[in-house]
Amino acid sequence: MIRKFFKTKKFRVFLLSLFTFLLILMVGFYASETYSLFSSLYSKNSAIYSLKQSNMVFFGGNDRLKLAYPDIFNNLHNSAFYYFFTISLILSASLIIFMFAYFYRLIDKEEGTLSTLKSVEKNILEMPSTILHEIKGNINSLSINSRVLGARVAGVKDFEGEKEEITRISGAIETETHKLVQTMENILKFTKDYHLNLEEINLSDLLNFVAETLKPKAADKGINLRVSLDKNISVKMDRDLMEQVFINLVSNAIESYDGEKGDVSIYSSFYLNKILIIIEDNGKGIKQEIIKKVYEPFFTTKKNGVGLGLALVKKILDAHGFKMHIESNYNKGTKVSVIFKDLEN
Ligand SMILES: Nc1ncnc2c1ncn2[C@@H]1O[C@H](COP(=O)(O)OP(=O)(O)OP(=O)(O)O)[C@@H](O)[C@H]1O
Ligand SMILES: [Mg+2]
79 MIRKFFKTKK FRVFLLSLFT FLLILMVGFY ASETYSLFSS LYSKNSAIYS
129 LKQSNMVFFG GNDRLKLAYP DIFNNLHNSA FYYFFTISLI LSASLIIFMF
179 AYFYRLIDKE EGTLSTLKSV EKNILEMPST ILHEIKGNIN SLSINSRVLG
229 ARVAGVKDFE GEKEEITRIS GAIETETHKL VQTMENILKF TKDYHLNLEE
279 INLSDLLNFV AETLKPKAAD KGINLRVSLD KNISVKMDRD LMEQVFINLV
329 SNAIESYDGE KGDVSIYSSF YLNKILIIIE DNGKGIKQEI IKKVYEPFFT
379 TKKNGVGLGL ALVKKILDAH GFKMHIESNY NKGTKVSVIF KDLEN
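Pasting the structure below:
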């Protein structure tokens, strides 16, 4: 909690303000000293001047001056020094107040927007699933109705010249609503409490099924999916949930290619006593500074991404007690490993 506070912007602003305050105080102090020095010069008292010049306040000059010429010192030094010092104090105090007010407004604005966004996102994930289902149903019927309407209107004679435009608009509505339905489905999957239905699953069968499902998506982008798995490995897991895990991971690998052709390899490996499934691509990779964020719900770098894929993957793996590891080089590719429990378990 305290360590967190030291890392906040508020703390940095506090430090900056304190530093500025001390700086102004010092400048004010020396300005006052210099003024009293020059005043002594104008007083044409060379003895005082030289004494003061050679011994500024830090070297005890003022004390000696006070002892030698108490009257002059009191008139000169006190009035000049304290006059300037008071002004500099007032100035620095008002500057600090201004700075605090200014920065607090800035920070509040920034953090306020961020926390509102975060809480809106969180609220969506905490909504009762009945409401989420209802919203999904509404969007679904909107999607179907817009398709039917588009087809009907395009068939009416009066609209003869505008058929193309009508088909384009109804197509756009359908695509967008379809995306919304998918987003709702992902949110629903994410918010669900998992009751694992565990059974021995052959990893080769599961991964081949996932590859078959995603082959059209890969072929569309000119990507070659290669599966190379030991046929005899079985692990206890919830098949449907683990299928979602691999669909998400392989989809991410396919989506990591920006137009260029490439390969996505799915293979098994062993590390110590554990089985690993590795999904490897040579796509655009993940920048080091965002690699920690990829598991956060709604974090995405894609134009049409929702950012729930890896959050969902993590949740399902945690429920099973499985782990995952991402290794990525920006512009070179990514290697995602799913690590199952020890072989004897
Ligand atoms: N194989 C990969 N190659 C490059 N970047 C990746 C890869 N896997 C994940 N990422 C990065 O992690 C981010 C989060 O991934 P995640 O699957 O959670 O969301 P998404 O794919 O953006 O959206 P969706 O909800 O549709 O899955 C991605 O936007 C991308 O920046
Ligand atoms: Mg994804």
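Its first residue numbered 79, the sequence shown is counted upward by one per residue in the numbering used here.
Quick reminder that beta carbons are idealized off the backbone N, C-alpha and C, glycines included.
Do residue 255 and residue 224 have their C-beta atoms closer together than 8 Å?
-> Translated into the one-based positions of the sequence shown, residue 255 becomes position 177. Translated into the one-based positions of the sequence shown, residue 224 becomes position 146. Contact: yes.
Measuring CB to CB, does residue 358 end up less than 8 Å from residue 343?
-> For the purposes of this step, residue 358 is identified with residue 280 of the sequence shown, where counting begins at 1. For the purposes of this step, residue 343 is identified with residue 265 of the sequence shown, where counting begins at 1. Inclusion of residue 358 and residue 343 in the CB contact set at 8 Å is warranted, their separation being smaller than that value.
Beta-carbon proximity list for residue 377, same chain, < 7 Å, skipping 5 on both sides = Indexing the sequence shown from 1 puts residue 377 at position 299. Excluding positions up to five away in sequence, the list reads 371, 385.
Status (buried if at least 16 other CB within 10 Å, exposed otherwise) for residue 297 = Taking the sequence shown and counting its residues from 1, one reaches residue 297 at position 219. The Cβ neighbour count for residue 297, taken over all protein chains shown within 10 Å, is under 16; the residue is labelled exposed.
Between residue 217 and residue 99, what straight-line distance do the alpha-carbon atoms span, to the nearest angstrom?
-> Position 139 of the sequence shown, counted from the first residue, corresponds to residue 217. Position 21 of the sequence shown, counted from the first residue, corresponds to residue 99. Spanning the two alpha carbons is a distance of roughly 58 Å.
Helix or strand or just coil, what does DSSP make of residue 334?
-> For the purposes of this step, residue 334 is identified with residue 256 of the sequence shown, where counting begins at 1. In this structure, DSSP gives residue 334 a state outside helix and strand, which the three-state scheme calls coil.
Considering only residues of the same chain and omitting the five flanking positions on each side of residue 291, which have a CB-CB separation below 7 Å?
-> Indexing the sequence shown from 1 puts residue 291 at position 213. Once the five neighbours on either side are set aside, the close Cβ partners of residue 291 are 325.
Under the three-state reduction of DSSP, which class applies to residue 305: helix, strand or coil?
-> Taking the sequence shown and counting its residues from 1, one reaches residue 305 at position 227. Residue state, collapsed to three classes: strand.
From what residue to what residue does the beta strand (DSSP E) around residue 359 run?
-> Mapped onto the sequence shown, residue 359 falls at position 281. First-last of the beta strand (DSSP E) with residue 359: 352-359.
Can you check DSSP and say which residues form a bridge with residue 316?
-> As a working mapping, residue 316 is identified with position 238 in the sequence shown. By DSSP's assignment, residue 316 forms a beta bridge with 276.
Got a sec: does ligand 1 put a non-hydrogen atom nearer than 7 Å to the Cβ of residue 359?
-> Numbered from its first residue, the sequence shown carries residue 359 at position 281. The answer is yes for residue 359.
Alpha carbon to alpha carbon, what distance is there between residue 395 and residue 315?
-> The sequence position of residue 315 within the sequence shown is 237, counting from 1. The sequence position of residue 395 within the sequence shown is 317, counting from 1. Whole-angstrom Cα-Cα distance: 10 Å.
Excluding five sequence neighbours on each side, which residues of the same chain lie with their C-beta closer than 7 Å to the C-beta of residue 389?
-> To locate residue 389, count along the sequence shown from 1; it is residue 311. So the list reads 268, 373, 374, 375, once near-sequence residues are dropped.
Would residue 335 be called buried (16 or more neighbouring beta carbons within 10 Å of its own) or exposed?
-> If you number the sequence shown from 1, residue 335 lands on position 257. Residue 335 is buried by the Cβ-count criterion.
Between residue 332 and residue 418, is the Cβ-Cβ spacing less than 8 Å?
-> Position 254 of the sequence shown, counting from 1, holds the residue named residue 332. Position 340 of the sequence shown, counting from 1, holds the residue named residue 418. Against a cut-off of 8 Å, the Cβ pair of residue 418 and residue 332 comes out as no contact.
Please confirm whether residue 266 and residue 214 have their CB atoms less than 8 Å apart.
-> Locating residue 266 in the sequence shown gives position 188, where the first residue counts as 1. Locating residue 214 in the sequence shown gives position 136, where the first residue counts as 1. If you check the CB distance, residue 266 and residue 214 come in under 8 Å.
Confirm, please, whether the CB-CB distance from residue 226 to residue 323 is below 8 Å.
-> Numbered from its first residue, the sequence shown carries residue 323 at position 245. Numbered from its first residue, the sequence shown carries residue 226 at position 148. Result no, Cβ atoms of residue 323 and residue 226 do not sit closer than 8 Å.
To the nearest angstrom, how far is it from the Cα of residue 281 to the Cα of residue 311?
-> To locate residue 281, count along the sequence shown from 1; it is residue 203. To locate residue 311, count along the sequence shown from 1; it is residue 233. Across the structure, residue 281 and residue 311 are spaced so that their CA atoms are roughly 6 Å apart.
Keeping to the same chain, check which residues put their C-beta closer than 8 Å to that of residue 136; ignore five residues upstream and five downstream.
-> By one-based count along the sequence shown, residue 136 stands at place 58. Any reading at residue 136 must be qualified, since the residue scores a pLDDT of 42, below 50, and its modelled position is unreliable; no value is offered.
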